[in-house]
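To start, the structure under review is shown below, and the notes come after it.
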Amino acid sequence: LGLDMEELEEIEEDAGLGNGGLGRLAACFLDSMATLGLAAYGYGIRYEYGIFNQKIRDGWQVEEADDWLRHGNPWEKARPEYMLPVHFYGRVEHSASGAKWIDTQVVLALPYDTPVPGYMNNTVNTMRLWSARAPNDFNLRDFNVGDYIQAVLDRNLAENISRVLYPNDNFFEGKELRLKQEYFVVAATLQDIIRRFKASKFGSTDSVRTVFDSFPDQVAIQLNDTHPAMAIPELMRIFVDIEKLPWDKAWDITKRTFAYTNHTVLPEALERWPVDLVEKLLPRHLQIIYEINQRHLDHIASLFPNDVDRLRRMSLIEEGGTKRINMAHLCIVGSHAVNGVAKIHSEIVKTQVFEDFAALEPEKFQNKTNGITPRRWLLLCNPGLAELIAEKIGEDYVRDLSQLTKLHEFVDDDLFIREVAKVKQENKVKFALYLEKEYKVKINPSSMFDVHVKRIHEYKRQLMNCLHIITMYNRIRRDPTKLFVPRTVIIGGKAAPGYHMAKMIIKLINAVAQVVNNDPMVGSKLKVIFLENYRVSLAEKVIPATDLSEQISTAGTEASGTGNMKFMLNGALTIGTMDGANVEMAEEAGEENLFIFGMRVEDVTELDRKGYNAQLYYDRLPELKQAVDQIKSGFFSPKDPNLFNDVVNMLFHHDRFKVFADYEAYVKCQEKVSELYLNSKAWTKMVIRNIAAAGKFSSDRTIKEYARDIWHVEPSDLKIPPPNEPREAGQDKTPNGTAA
1 LGLDMEELEE
11 IEEDAGLGNG
21 GLGRLAACFL
31 DSMATLGLAA
41 YGYGIRYEYG
51 IFNQKIRDGW
61 QVEEADDWLR
71 HGNPWEKARP
81 EYMLPVHFYG
91 RVEHSASGAK
101 WIDTQVVLAL
111 PYDTPVPGYM
121 NNTVNTMRLW
131 SARAPNDFNL
141 RDFNVGDYIQ
151 AVLDRNLAEN
161 ISRVLYPNDN
171 FFEGKELRLK
181 QEYFVVAATL
191 QDIIRRFKAS
201 KFGSTDSVRT
211 VFDSFPDQVA
221 IQLNDTHPAM
231 AIPELMRIFV
241 DIEKLPWDKA
251 WDITKRTFAY
261 TNHTVLPEAL
271 ERWPVDLVEK
281 LLPRHLQIIY
291 EINQRHLDHI
301 ASLFPNDVDR
311 LRRMSLIEEG
321 GTKRINMAHL
331 CIVGSHAVNG
341 VAKIHSEIVK
351 TQVFEDFAAL
361 EPEKFQNKTN
371 GITPRRWLLL
381 CNPGLAELIA
391 EKIGEDYVRD
401 LSQLTKLHEF
411 VDDDLFIREV
421 AKVKQENKVK
431 FALYLEKEYK
441 VKINPSSMFD
451 VHVKRIHEYK
461 RQLMNCLHII
471 TMYNRIRRDP
481 TKLFVPRTVI
491 IGGKAAPGYH
501 MAKMIIKLIN
511 AVAQVVNNDP
521 MVGSKLKVIF
531 LENYRVSLAE
541 KVIPATDLSE
551 QISTAGTEAS
561 GTGNMKFMLN
571 GALTIGTMDG
581 ANVEMAEEAG
591 EENLFIFGMR
601 VEDVTELDRK
611 GYNAQLYYDR
621 LPELKQAVDQ
631 IKSGFFSPKD
641 PNLFNDVVNM
651 LFHHDRFKVF
661 ADYEAYVKCQ
671 EKVSELYLNS
681 KAWTKMVIRN
691 IAAAGKFSSD
701 RTIKEYARDI
711 WHVEPSDLKI
721 PPPNEPREAG
731 QDKTPNGTAA
């Protein structure tokens with residue numbers, strides 16, 4: 001047709017239906033589950049508006065609605081035949097026959113199915129996203145004699161449930177609409193799962209067995225953080241109130257069905273819903289949660305008599321001020337397995353955040369280190385490197401990434417070293433052209449591409465990177481003749497719209513960029529770019545072009561990180577703290593092949609014990625003092641010298657993430673980075689060692705571990721014959737009975 005495929009790909013909108021790591025992880029998991037031949041479904045909400053589009057105006061973030069469905073979505077298929085009712089509000093009536101939830105408002109959940117193909121195995125799984133629809137008699141049943149027009153307009157109230165994604169990453173906002181969204185996806189999904197279970201051969205009634213006895217053997221439900229935690233009381237409601245199972249039987253089945261993945265230890269991110277709100281919206285669920293809690297606390301009291309403080313700590317209900325439900329506690333009590341997403345994080349989960357629960361049931365707590373799909377994050381985004389690897393070790397590594405260890409044989413192969421460097425250089429030139437087109441800045445493609453892309457958050461310490469930029473700038477100006485390894489520093493990411501400090505950090509980076517990029521003394525030695533509207537499609541461009549990956553969160557705050565793995569697989573070197581999966585990356589590649597710096601978790605704990613005093617570092621380190629003074633005095637904001645007062649005040653008086661404490665080690669480590677970059681061959685050899693060690697971080701490995709240790713299903717590498725080939729008679733279409 002004379003069309004250019006790449007041009008066509010550029011036109012397609014990202015389905016930005018998540019905020020950051022958690023949603024992207026789910027997408028990688030879907031790819032891996034299909035590739036491993038697991039009969040698995042991904043359930044979520046079909047938001048009409050996904051994560052906002054970020055515009056930078058005068059250095060500030062401005063949000064625009066992400067109208068991603070404007071031109072239609074060719075990959076989805078609406079399935080009105082599977083539409084299901086979801087109930088809200090109402091009241092509970094108790095009688096001899098049990099509890100009844102009545103006088104509810106009904107919203108319909110309309111499923112849209114998107115195919116998820118496995119890699120070259122003719123397996124296609126389903127992602128089913130629910131959209132909210134008002135029933136046709138909405139607001140026309142009751143009281144509403146006259147105002148037909150208003151009644152129809154009010155349908156929007158019901159349909160608002162799937163209107164927009166809440167844009168917070170690692171932050172809990174206890175809004176009624178958000179709780180509605182959480183229950184909506186849960187209620188529709190559980191009905192769907194039970195319908196499918198009953199229709200299967202396993203759900204048929206046996207003379208001996210209750211219908212649901214085999215449910216946990218046929219169904220595994222993984223809770224992706226606490227956002228779908230209401231699934232636990234909802235499944236109990238279905239079993240007890242509707243299917244009339246006795247409580248103990250229902251609870252046993254429920255616990256064996258659910259498993260919970262924890263994704264963060266930041267206290268402000270943990271979901272704690274006010275009891276009043278739950279009572280209004282989901283009155284029966286609150287009663288069930290109280291009953292779960294009562295039995296849970298009775299059990300603990302029997303094990304630890306008179307330990308009232310332990311009961312308070314372990315309760316699902318937090319007293320004091322407004323009563324709240326601790327959703328993480330609900331998930332732990334209602335699941336048979338709980339996992340963190342990197343070794344260090346899972347340890348923190350066991351020994352700090354949920355230590356009482358882990359002491360009670362240590363066997364319940366596991367680790368499942370995150371991974372990324374090599375299909376998107378190597379083959380699709382970096383075909384040059386993927387092809388080069390295939391030439392050396394064959395193509396099988398795409399489905400078995402552990403085979404990358406074979407690259408160790410070529411670490412001293414001069415031709416291979418040159419080819420790896422050449423692919424990186426080509427990717428950099430291509431990205432430099434993109435930057436020059438989009439940002440009108442001249443980029444030096446032989447400069448080191450130093451990249452820090454992720455959601456903007458204090459714990460991720462984009463501010464520390466910013467202080468390093470200012471330090472480099474000051475060093476160039478102090479001695480313009482001194483050798484300086486040229487850098488292009490690229491920072492990108494979205495700030496939650498209500499997160500004032502994160503928005504100030506973006507403004508500061510842009511203010512610094514403005515000064516640095518226009519100083520003739522600096523020239524092409526140092527360029528700073530804030531990458532607008534960072535999203536998956538942009539990650540696919542920047543990651544293959546990166547030399548240095550910034551993974552600099554305060555130790556103990558980043559549960560895992562997955563961007564770190566993408567950079568490693570694409571031939572970037574990592575500068576990072578011993579946090580999240582960085583620890584395991586260093587373990588796999590050897591610590592000498594990463595640029596590790598700064599406090600470890602123990603050091604942070606010790607500093608907290610002593611008391612962190614930012615002033616000490618400011619007084620002791622002249623370059624830090626200079627950089628902070630420049631921000632404070634308005635050097636980067638001459639029109640408004642006090643613009644960054646809030647940022648400076650935070651750094652001195654309430655910096656929970658201790659930027660100053662790691663500044664010196666960070667700057668020294670960056671000097672080592674620059675030194676190695678001067679030796680192109682030594683740099684590239686280190687890159688090869690990193691790629692060769694990246695195999696562990698495939699989401700295929702992660703999913704195999706979930707399947708083996710939590711879901712109890714067997715991955716299958718059977719290639720299902722394509723539809724045009726005849727099947728052998730009686731050949732089972734699904735190699736695995738159990739669905740996750």
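Per UniProt numbering, residue 1 is the first one in the sequence shown, and the count goes up by one each step. Just so you know, even glycine gets a beta-carbon here, dropped at the ideal spot from N, CA and C. Keep in mind that this is a model prediction, so the values were computed, not measured.
DSSP beta-bridge partners of residue i
i: T261; result: N224, N339
i: F449; result: T488
i: E291; result: According to DSSP, E291 bridges with nothing at all.
i: K437; result: For K437, which the question treats as bridged, DSSP gives no partner whatsoever.
i: D113; result: K77, R128
i: R133; result: L108
i: K100; result: E93
i: A545; result: DSSP output for A545 lists no bridge partner at all.
Burial state of residue i, where buried means 16 or more other Cβ atoms lie within 10 Å
i: G16; result: buried
i: N156; result: exposed
i: T123; result: buried
i: H452; result: buried
i: P721; result: exposed
i: P216; result: buried
i: A78; result: exposed
i: Q352; result: exposed
i: E6; result: exposed
i: D298; result: exposed
i: R141; result: exposed
i: A187; result: buried
i: I149; result: exposed
i: residue 803; result: Nothing can be reported for residue 803: it is not among the residues displayed for the chain, which extend from 1 to 740.
i: S524; result: exposed
Residue from the options with nearest C-alpha to residue i
i: T324; options: E363, W273, V423, L548; result: Reading the sequence as shown, one finds Arg at residue 324 and not Thr. The candidate whose alpha carbon is nearest that of R324 is W273.
i: L404; options: A96, G50, L110, I688; result: I688
i: I221; options: P726, I710, K719, P721; result: I710
i: residue 757; options: V601, L467, I509; result: It is not possible to answer for residue 757, since the shown part of the chain is limited to 1 through 740.
i: L573; options: D192, A151, D450; result: D450
i: V522; options: A539, L531, R478; result: R478
i: P480; options: P520, K180, Y434, Y112; result: P520
i: A581; options: G556, R455, L388; result: G556
i: V485; options: L508, I506, H457, P445; result: P445
i: S162; options: V648, Y677, I51, D413; result: I51
i: Q630; options: K696, T35, S537, V516; result: V516
Min CB distance residue i to chain B below 9 Å
i: K255; result: The structure shown contains no chain B; it holds only a single protein chain.
Beta-carbon proximity list for residue i, same chain, < 6 Å, skipping 5 on both sides
i: M236; result: A250, T254, I288
i: R701; result: G371
i: L531; result: I490, G492
Contacts around residue i, its chain only, beta-carbon distance under 7 Å, and the 5 residues preceding and following it disregarded
i: T471; result: E623, A627, V667
i: E12; result: none
i: S207; result: Note that S207 scores a pLDDT of 45, beneath 50, so its modelled location is shaky; the value from the coordinates is reported in the next line. Excluding sequence neighbours, S207 sits near nothing in its chain.
i: F29; result: S699, I703
i: C381; result: E540, I543, P544
i: V219; result: I193, F197, T257, A739
i: L190; result: A231, E234, L235, I238
i: Y260; result: L223, C331, I332, S335, V338
i: V411; result: K685, I688, R689
Chain-order list of residues whose beta-carbon lies under 8 Å from that of residue i (same chain, five-residue window excluded)
i: R375; result: D31, T35, Y119, V398
### Task
Could you tell me whether the segment 18-30 touches the segment 562-577, where touching means 3 or more Cβ pairs closer than 8 Å?
yes
### Message
For the pair the segment 462-481 and the segment 501-511, tell me if three or more CB-CB distances fall below 8 Å.
### Response
yes
### Task
Report yes or no: do the segment 422-442 and the segment 472-487 share at least 3 C-beta pairs separated by less than 8 Å?
no
### Message
Is it the case that the segment 607-616 contacts the segment 581-595, given that we only count it when at least three CB pairs across the two stretches are under 8 Å?
### Response
no
### Query
Any contact of the segment 69-78 with the segment 88-107, i.e. 3+ C-beta pairs under 8 Å?
no
### Query
Counting Cβ pairs closer than 8 Å, one from the segment 406-419 and one from the segment 381-394, do we hit at least three?
yes
#### Entry: Three or more C-beta pairs below 8 Å linking the segment 674-691 and the segment 566-580
yes
### Query
Are the segment 601-611 and the segment 633-653 touching by the rule of at least three beta carbon pairs closer than 8 Å?
no
### Query
Does the segment 107-127 come close enough to the segment 320-335 that 3 or more CB-CB pairs lie under 8 Å?
no
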